[in-house]
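Visitor: Questions regarding the structure given below will be posed in turn.
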Amino acid sequence: MSLEEQITFTPDQQVHLNAWSSVYIDAQIQQKLGITLSQFLINPGKYLFLAWLTAPHIPTNNGFLPLLPAQVAASRRIHQRWAEEEEEEEEEEEE
9 MSLEEQITFT PDQQVHLNAW SSVYIDAQIQ QKLGITLSQF LINPGKYLFL AWLTAPHIPT
69 NNGFLPLLPA QVAASRRIHQ RWAEEEEEEE EEEEE
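Whatever position you read off the sequence shown (first residue = 1), add 8 for the numbering used here.
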């Protein structure tokens, strides 16, 4: 591939690639399994499971295993919604 050739991605493909690249890095797939990002992208669920099997399951200081990026995002959305509901309740009480 020459310097002038470019691979272009749609916005959806960019989001998908960025998200799975972050998972690949955060889960330390290269270090644990020795596979490339392109291999990981073929079947990320399989490789995440294999990496989990090879990982020592050491709980964090709160007694739980670390969350996956999707779980962190879901947790943030839930806590944001709870905060919004609390604000709504406080506004109703003031009225």
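Ideal Cβ positions, reconstructed from N, Cα and C, are used throughout, including at glycine. Computed from a predicted model, the values in this text were never measured in an experiment.
In three-state DSSP terms, what is Thr62?
Guide: Three-state DSSP puts Thr62 in a helix.
Visitor: Are the CB atoms of Leu56 and Ala35 nearer to each other than 8 Å?
Guide: Result yes, Cβ atoms of Leu56 and Ala35 sit closer than 8 Å.
Visitor: Count the other CB atoms within 10 Å of the CB of Ala59; is the residue buried (16 or more) or exposed (fewer)?
Guide: Ala59 should be labelled buried.
Visitor: Specify, as a first and last residue, the run of the alpha helix (DSSP H) that Pro19 falls within.
Guide: Unbroken alpha helix (DSSP H) run through Pro19: Pro19 to Asp34.
Visitor: Is DSSP giving Glu98 helix, strand or coil here?
Guide: In the structure shown, Glu98 sits in a helix (DSSP, three-state: H, G or I).
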